[in-house]
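Numbering (the numbering used here), first residue to last: 215 to 345.
Don't be surprised by glycine CBs; every beta carbon is placed ideally from N, CA and C.
What follows is a set of notes on a single structure, which appears directly below.
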Amino acid sequence: MIVLYKSTEPENVQYIYCTPMDYLTSLPNWVYFKCAHRMTGEVVEFWRDTIGQSFTNRYAKYAIDTSFVFANSTEGMWTYTIQQAPEEEVVPTVGMYPILESGYLYLYPASTFEPTKYQGQENSFIAYNGQ
Numbered sequence: 215m216i217v218l219y220k221s222t223e224p225e226n227v228q229y230i231y232c233t234p235m236d237y238l239t240s241l242p243n244w245v246y247f248k249c250a251h252r253m254t255g256e257v258v259e260f261w262r263d264t265i266g267q268s269f270t271n272r273y274a275k276y277a278i279d280t281s282f283v284f285a286n287s288t289e290g291m292w293t294y295t296i297q298q299a300p301e302e303e304v305v306p307t308v309g310m311y312p313i314l315e316s317g318y319l320y321l322y323p324a325s326t327f328e329p330t331k332y333q334g335q336e337n338s339f340i341a342y343n344g345q
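See the structure below:
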């Protein structure tokens, strides 16, 4: 499962780790990501190049700017499909280019990280050898 956080800040780059290299029939320069929200049916599409990805590591690392790609998208559970693409901005024909990976993606709302604070916590405890 891919987990992403929506952002209102520009240049909010997050990384997707996936394994599309296992099913490539040839070395394309592009892979096509299609994400569909499970409740609303809205679709987000984007392309990433495979240049610099390693076949021996079996995984690929793709950067995604969630403040741009998922800017007006609904938070929640999505499905995603990664498909081999002939070139950027061309939606691959189903059956002609293989589906490389599919799964679930959860898009969380934008939030700033704050550590959990506990009220009334007693901080006296025994840490080592009864002392």
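Beta-bridge annotation (DSSP): residue 311 is paired with 308. Inclusion of residue 316 and residue 288 in the CB contact set at 7 angstroms is not warranted, their separation being larger than that value. Rounded to whole angstroms, residue 324 and residue 251 show a C-alpha spacing of 17 angstroms.
Judged by beta-carbon spacing, residue 280 lies within the 7 angstroms limit of residue 218, meaning their Cβ atoms are closer than that value.
7 angstroms or more divides the Cβ of residue 321 from the Cβ of residue 248. Counting C-beta atoms within 10 angstroms of its own C-beta, residue 277 has fewer than 16 neighbours from the protein chains shown and is therefore classed as exposed.
For residue 235, the secondary structure class from DSSP, reduced to helix, strand or coil, is helix.
Per the Cβ contact rule, the stretch 222-233 is not in contact with the stretch 254-261 (fewer than 3 Cβ pairs under 8 angstroms). Contact between residue 297 and residue 246 holds: CB atoms are separated by about 5 angstroms, below the 8 angstroms threshold. Judged by DSSP secondary structure, residue 260 falls within the beta strand (DSSP E) whose first and last residues are 257-263. Closest by C-alpha distance to residue 283, out of 244, 256, 313, 342, is 256. By the criterion of a C-beta distance shorter than 8 angstroms, residue 318 is surrounded in its chain by 215, 216, 291, 292, 293, 294, once the five residues flanking it on both sides are discounted. Separation of residue 308 and residue 334 (C-alpha to C-alpha, rounded to the nearest whole angstrom) is 58 angstroms. In the displayed model, residue 295 falls within a strand according to three-state DSSP.
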